[in-house]
Amino acid sequence: MKKTQDQPKQKAEEVVVAEQKNEADTWKLKYLRALADYQNLEKRSDDRVSQVRMYAAEQVLSRLLPVVDTFGKVQEHIKDPGLGLAYKELLSVLAEQGVSRMEVVGKEFNPEEMDCVEVVSGKENEVVEEVVPGYRFRDKVLRVARVKVGASATKSN
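Residue numbers for the sequence shown follow our numbering, so the first one is 179 and each next one is one higher.
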């Protein structure tokens with residue numbers, strides 16, 4: 179008789195163990211979802227911070243470009259070794275930050291990188307002269323180059 183009384187008790191214990199296992203599995207899934215959500219939030223937050231830093235750097239570097247232009251023009255007219263050294267150092271700092279000057283003379287006119295200020299005689303759609311240099315910040319155009327573009331003379335009847 180003892181065996182028949184132990185069977186319902188054993189089955190009840192198995193049911194309780196199964197319920198507790200299901201509850202543990204449910205909590206484990208909730209924990210894993212919460213952990214994944216937190217990791218995604220952390221990643222988005224880090225990305226946002228990087229974007230804000232990049233934007234701030236871009237703004238500062240963009241404001242420095244007229245200073246670079248001024249140094250370059252002064253360097254052309256005044257041959258002072260100290261001024262030349264300061265100009266080279268400024269260009270070096272910009273290069274370290276990811277700013278590079280675009281090489282445009284002799285290349286085909288690209289309206290995404292260049293602004294045509296004058297059309298002159300020369301090879302069709304080729305940049306003849308750079309009026310104001312253009313710069314990139316990493317892979318993004320920081321300032322378009324202002325250029326003179328060549329156009330062949332057309333004959334009219």
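Yeah, the Cβ is synthetic: ideal placement off N, Cα and C, and Gly gets one too.
Output the boundary residues of the beta strand (DSSP E) element that contains residue i.
{"i": "K326", "result": "A323 to A329"}
{"i": "D293", "result": "M292 to S299"}
Measuring CB to CB, does residue i end up less than 8 Å from residue j?
{"i": "V326", "j": "V306", "result": "Before going on, a small fix: residue 326 reads as Lys here, not Val. It is a contact, given that the beta carbons lie within the stated cut-off."}
{"i": "E302", "j": "S270", "result": "no"}
{"i": "L261", "j": "Q253", "result": "yes"}
{"i": "E267", "j": "F287", "result": "no"}
Around the Cβ of residue i, are there at least 16 other Cβ atoms within 10 angstroms (buried) or fewer (exposed)?
{"i": "L263", "result": "exposed"}
{"i": "Y313", "result": "buried"}
{"i": "R321", "result": "buried"}
{"i": "N335", "result": "Since pLDDT at N335 reaches only 43, below the 50 mark, its modelled position is unreliable, and the value read off the structure follows with that caveat. So N335 ends up on the exposed side."}
{"i": "A196", "result": "exposed"}
{"i": "A323", "result": "buried"}
{"i": "L213", "result": "exposed"}
{"i": "L349", "result": "A question about residue 349 goes unanswered here, because the residues of the chain that appear run from 179 up to 335."}
{"i": "L210", "result": "exposed"}
{"i": "L272", "result": "buried"}
Thinking just about the alpha-carbon of each residue, which of the options is nearest to the one in residue i?
{"i": "G300", "options": "L239, G328 and V283", "result": "G328"}
{"i": "M232", "options": "K318, R211 and N288", "result": "K318"}
{"i": "S278", "options": "V246, K189 and E304", "result": "V246"}
{"i": "Q275", "options": "K199, V297, K206 and E236", "result": "E236"}
Would you say the beta carbon of residue i comes nearer than 7 Å to a heavy atom of the ligand COA?
{"i": "G276", "result": "As for the ligand COA, it is missing from this structure, which has no ligand bound."}
Which one or two residues does DSSP pair with residue i in a beta bridge?
{"i": "V277", "result": "F315"}
{"i": "E157", "result": "In this structure the chain extends from 179 to 335, so residue 157 is not present and cannot be described."}
{"i": "V267", "result": "One detail in the question is off: residue 267 reads as Glu in this sequence, not Val. In DSSP, E267 forms no bridge with anything."}
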